[in-house]
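Trainee: Note that the protein sequences, when read in sequence, are chains A and B.
If you're matching positions, the first sequence starts at 366 in this note's numbering and goes up one per residue.
If you're matching positions, the second sequence starts at 145 in this note's numbering and goes up one per residue.
We put the CB at the ideal spot given by N, CA and C, even for glycine.
Quick caveat: nothing in here was measured; it's all calculated off a predicted structure.
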Amino acid sequence: MAQLKSLADFEKLRDEITGKRDPNKPCITICAGSGCIASGSPKVADAFIEELKNQGLQDKIDLRQTGCHGFCEKGTLVVIHPEHICYIQVQPEDIPEIITETITNGNVIERLLYVDPETGEKIAHEQDIPFYKYQDRLIFGNNSKTDPKNIDDYIALSGYSALAKTLFKMNTEEVLLEIKKSGLRGRGGGGFPTGRKWEEAARISSDIKYVIVNADEGDPGAYMDRSVLEGNPHSVLEGLIIGAYAVGAHEGFIYVRAEYPLAVENVGIAIKQAEDYGLLGKDILGSGFDFTITVHRGAGAFISGESSALMSAIEGQVGEPRPKHIHTVVKGVFDRPSVLNNVETWANVPIIIDKGADLYASVGTEGSTGTKIFSLVGKVNNTGLVEVPMGTSIRDIVFKIGGGIPGGKKFKAVQTGGPSGGCIPEALIDSPVDFDELTKLGAMMGSGGMIVLDEDTCMVDMARYFIDFLKDESCGKCTPCREGITQMLGILNDLCEGRGEEGDLELIEAIAEVTRAASLCALGQTAPNPVLTTIQYFRDEYEAHIRERRCPAGVCKALFSYYIDPEKCKACMICLRNCPVDAIIGEKGQIHVIDQAKCTKCGTCFDMCPDRFGAVTKVSGTVPTALPLEERVIQKGK
Amino acid sequence: MEIELAKVDEVVDKYKGDEGMLIQILQDVQGEFRWLPKEALERVCKKLSIPISRAYRIATFYTAFSLEPRGRHLVNVCLGTACHVRGGSRILEKLEQSLDITAGHTTPDQKYSLERVNCLGCCALGPVITVDEEAHGRLVVKDIDAILDGYE
Ligand SMILES: Cc1cc2nc3c(=O)[nH]c(=O)nc-3n(C[C@H](O)[C@H](O)[C@H](O)COP(=O)(O)O)c2cc1C
Ligand code: SF4
Ligand code: FES
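1. Hey, does B/Cys263 have any beta-carbon neighbour from chain A nearer than 7 Å?
2. Is A/Gly1002 close to chain B, meaning its C-beta is less than 7 Å from at least one C-beta of that chain?
3. So, is the C-beta of A/Thr693 closer than 7 Å to a C-beta in chain B?
4. Taking the alpha-carbon positions, what's the A/Glu640 to A/Thr394 distance?
5. Taking only the alpha-carbon atoms, compute the straight-line gap between A/Leu886 and A/Gly670 and give it to the nearest angstrom.
6. Between B/Gly224 and ligand 3, is the CB less than 6 Å from at least one heavy atom?
7. Mapping DSSP to helix, strand and coil, what is A/Asn746?
8. Can you name the residues of chain B whose CB is closer than 7 Å to the CB of A/Pro585?
9. Of all the CB atoms in chain A, is at least one closer than 7 Å to the CB of B/Cys202?
10. DSSP on B/Gly270, reduced to helix/strand/coil?
11. What's the C-alpha gap between B/Leu280 and B/Ile273?
12. Examine ligand 1 and report whether any of its heavy atoms sits within less than 6 Å of the Cβ of A/Asn706.
13. Which residues in the same chain have their Cβ closer than 8 Å to the Cβ of A/Gly841, if we skip the five residues on either side of it in sequence?
14. Please state if the CB of A/Glu952 and the CB of A/Thr748 are separated by a distance shorter than 7 Å.
15. Name the DSSP beta bridge partners of A/Ser740, please?
16. Could you have a look at A/Asn389 and say whether DSSP puts it in helix, strand or coil?
17. Taking only beta-carbon atoms, is B/Gly281 less than 7 Å away from chain A?
18. What does B/Cys189 touch in chain A if you count any residue whose Cβ is under 7 Å from its own?
19. Identify whether B/Ile245 lies in helix, strand or coil by the three-state DSSP scheme.
20. If you count every other CB in all the chains shown that lies within 10 Å of the CB of A/Asn507, and 16 or more means buried, which is it?
21. Taking 6 Å as the cut-off, is the C-beta of B/Leu264 nearer than that to any heavy atom in ligand 1?
22. Does A/Ser703 get closer than 7 Å to chain B when you measure Cβ to Cβ?
23. Could you tell me the alpha carbon to alpha carbon distance between A/Arg829 and A/Val984, rounded to whole angstroms?
24. Under 8 Å by Cβ, that's how I've got B/Gly215 and B/Leu223 pegged, so tell me the actual separation to the nearest angstrom.
25. Kindly examine ligand 4 and report whether one of its heavy atoms sits closer than 6 Å to the Cβ of B/Thr250.
26. Within the same chain, show all residues whose beta-carbon is closer than 8 Å to that of A/Leu378, passing over the 5 residues directly before and after it, in chain order.
27. Which partner residues does A/Ser758 have in the DSSP bridge list?
28. My output table needs one value for B/Val219: the three-state DSSP class, helix, strand or coil.
29. List, in order along the chain, the chain A residues whose C-beta lies closer than 7 Å to that of B/His228?
30. What does the Cβ neighbour count give for A/Lys1003, buried or exposed, with the cut at 16 atoms within 10 Å?
31. Run down chain A in chain order and give the residues with a C-beta less than 8 Å from the C-beta of B/Phe177.
32. For A/Asn707, which residues does DSSP report across the bridge?
33. Compute the Euclidean distance between the alpha carbons of B/Glu183 and B/Leu149, then round it to the nearest angstrom.
34. Over the uninterrupted beta strand (DSSP E) stretch that includes A/Lys983, give me the two end residues.
35. Within its chain, find whatever has a CB closer than 7 Å to the CB of B/Leu169; leave out the 5 residues flanking it on each side and keep chain order.
36. Starting from the N-terminal side, write out each stretch of the alpha helix (DSSP H) that is 4 residues or longer and does not extend beyond the region 812–875 of chain A.
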């Protein structure tokens, strides 16, 4: 591959690539994101390769294994272009039929289509499926069109054009101004204005400066950074090079968590390909600008995603926060000026340069411009990655795009912002989602986790879950964080296990106040949020745990028992056979009874009992005594 | 325990003996042995001329490192938020019961090690576990035994 030495070389290459591509040539795209890989997409891809060969079609049809399409719930996803026919839950056995029927004969295969659960209508085209229809995929859109391991795919969709524009048509001041005008705010949690951060770094004179991608993505339940990095790594690289040019850095780091091996692989390939083309390295495109990137793998520590901790980790030290009397923008990695931004923040940069700040800022709200990718997960029908303009309401995200709550259950809350965020109750479901609105509600944008909770979720348990998470993840160097979290956890454990007392909530609030005020880093400062928001919005649930020793959602194991209603039990043996600890007594024709002493409350019987019987229930307090053996006979005709 | 120190040397040399790459070096060493034997840590530190305490500090700080031998297969159970609300802890209980070990330990026959992790990045498919690098999603308790039987 020849190195590109000038703007003209680059434009020539781009024209060559696009010239070779016929937009009307049939192309099969198979999602090869981590979600679909788990659902078996590599086998589906192999089956396509084989079948195209069998039918002698390998030269007539393009096959592309792309980044994550976002609708992970329905994987493996296959989309056939140019018609955009979308097949869901595709299995290797389906491939011969897809080739013969759809590719050769032009017919849609009904059984592989998405069915709208509300109308029962089968939907053939990707863009008509409600999950996609209401999204605005500015950042994420190219994921499903490109093979992340092939730089030409990215260039064909005008990739690296923003870089070329930056290097040859803009000076650093113009780039800084454009980013400032765009209103871009950091997508990694804090929402700090990116342009201001860059400007501060640009103003410092230093021969060495660094730019860094934060791909630690520690927020449990969020995976959009993974999908962008795996699915469209060049968009992040391009943003990073532009940022480096703007602030005057010649070295960059990408800090990826170890749990994301595919992201590490794809970023490595992307860097190599960009270097081969001369888009990275010495004298990029002959502009005189030098820039190199090193990839660092994290090793499993949430706190290492915090800016100063991440910089310590890059130096080979333990990834613990340091006091930031001087900002890391001024003194970061090896005490040099360092600009750290989140994956998604960097991916926004080429789009801003390409479209222009004004057009970019026309999407979203005044204080939060552009779009945001959310990881819509938990108790919602269409789980997956969802990109919407800032300011979209929670209701639209959960119901229009997410398709509502499974099993006819009631929506209870959404949790945003991960362990630093909070739970937003149903009453506030029409709130627009942007940085400032969420903060006003006591939650936080965070990195984009949006976990939907239904009526079967206990809010005390949720709070306990996050505090337990933070107890493990606090680095422990400051007392208010270490001890405050431990004490809050102790109280929450008491509540969940039936030892709650009057005054506990006031005590938690007092501890929370100190933890928030006196911790060094944002982990400790925001740790009380999950507890305080649940107390604020769901106080009655806390009180039920304390005053009545009752868990209204039936989650806290110490506060309920499983019980088989003898009136409803049909003695079908299903629960009995599936109980992992043989705690169910009974036989065919004999009403089943749970031996409470043996029961581990795993819930298998509750899940297995057929819906039409609904005999297994959860009861608070004492369990009714079982019928005497002779009365457990199922009478005929009953 | 006898270990091949030449493999350790290879890793350290790959990073040109740069002590700033210590975390990466330990990851690659663990990649070789599936855990961090004491002899390997001593060798790394000697070659980098750093005190052994620094390697131990890192090895105990990050959850990915293990100072005990691990089984042939590593089972990671996700207890991230998305998996938690969909019953991840029940999957963990079932695994603990089937393997007869608690999380953080290895079966006596050295076949499986069981760990709890905070998010595997497949949240839409929760609850999720990975066995080595293979992910299994949308799990219910009764899937577990079949999955465990599927590995040698
Ligand atoms: C405990 C903790 C964990 C964090 N983890 C991440 C993370 O995984 N990814 C991320 O981008 N930012 C994370 N952050 C935020 C970073 O400190 C930093 O603000 C961010 O990377 C800056 O980039 P942005 O301005 O583009 O958002 C974390 C912060 C804290 C306090
Ligand atoms: S606030 Fe907590 S996590 Fe942050 S530095 Fe202090 S102890 Fe460590
Ligand atoms: S929460 Fe389990 S994979 Fe993310």
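Mentor: A quick look at the data gives this:
1. At least one chain A Cβ lies under 7 Å of B/Cys263.
2. Because the pLDDT of A/Gly1002 is 48, which lies under 50, any placement of that residue in the model is unreliable, and the question is left without a value.
3. Under the 7 Å criterion on CB atoms, A/Thr693 is classed as non-interfacial with respect to chain B.
4. A direct Cα-to-Cα measurement between A/Glu640 and A/Thr394 gives close to 27 Å.
5. Per the sequence shown, residue 886 of chain A should be read as Cys rather than Leu. C-alpha of A/Cys886 to C-alpha of A/Gly670: approximately 11 Å in a straight line.
6. Yes, Cβ of B/Gly224 sits closer than 6 Å to a heavy atom of ligand 3.
7. Coil.
8. What A/Pro585 touches in chain B: Gly224, Thr225, Asn262, Cys263.
9. Note that residue 202 of chain B corresponds to Ile in the displayed sequence, not to Cys. Chain A, which has a Cβ nearer than 7 Å to the Cβ of B/Ile202, makes this yes.
10. Residue state, collapsed to three classes: coil.
11. Residue identity differs from the one stated: residue 280 of chain B is His in this sequence, not Leu. One alpha carbon belongs to B/His280, the other to B/Ile273, and they sit about 5 Å apart.
12. Within the cutoff, so yes.
13. Around A/Gly841: Arg847.
14. Contact: no.
15. Bridge partners of A/Ser740: A/Leu750, A/Gly814.
16. Correct three-state label for A/Asn389: coil.
17. B/Gly281 has a beta carbon lying within less than 7 Å of a beta carbon in chain A.
18. None at all; the shortest Cβ gap to chain A is about 12 Å.
19. Coil, per DSSP.
20. A/Asn507 is buried by the Cβ-count criterion.
21. Distances from the CB of B/Leu264 to the heavy atoms of ligand 1 are all 6 Å or more.
22. No, because no Cβ of chain B sits closer than 7 Å to the Cβ of A/Ser703.
23. A straight line joining the alpha-carbon of A/Arg829 with that of A/Val984 spans about 22 Å.
24. In this structure, B/Gly215 and B/Leu223 do not form a Cβ contact; the two beta carbons are roughly 20 Å apart against a cut-off of 8 Å.
25. With respect to ligand 4, the structure offers nothing, as its ligand set consists of ligand 1, ligand 2 and ligand 3.
26. Within the same chain, A/Leu378 has close Cβ partners Leu369, Ile520, Tyr642.
27. A/Ser758 has A/Pro797 as its beta-bridge partners, per DSSP.
28. Residue state, collapsed to three classes: strand.
29. Tyr830, listed in chain order.
30. For A/Lys1003, the predicted structure reports a pLDDT of 44, less than 50, and the residue's modelled location is therefore unreliable. A value from the coordinates is still provided. Looking at its Cβ environment, which holds fewer than 16 other Cβ atoms inside 10 Å, A/Lys1003 is exposed.
31. Ordered by position in chain A, no residue passes the 8 Å Cβ test against B/Phe177, which lies about 15 Å from the chain.
32. Beta bridge pairing from DSSP links A/Asn707 with A/Asn579.
33. Roughly 8 Å between the two C-alpha positions.
34. Run containing A/Lys983: 981–984, per the beta strand (DSSP E) assignment.
35. Here residue 169 of chain B turns out to be Ile, not Leu, going by the sequence shown. Only Val155, Val156, Tyr159, Val188 meet the Cβ criterion.
36. Runs of the alpha helix (DSSP H) inside the region 812–875 of chain A: 824–838, 844–861.
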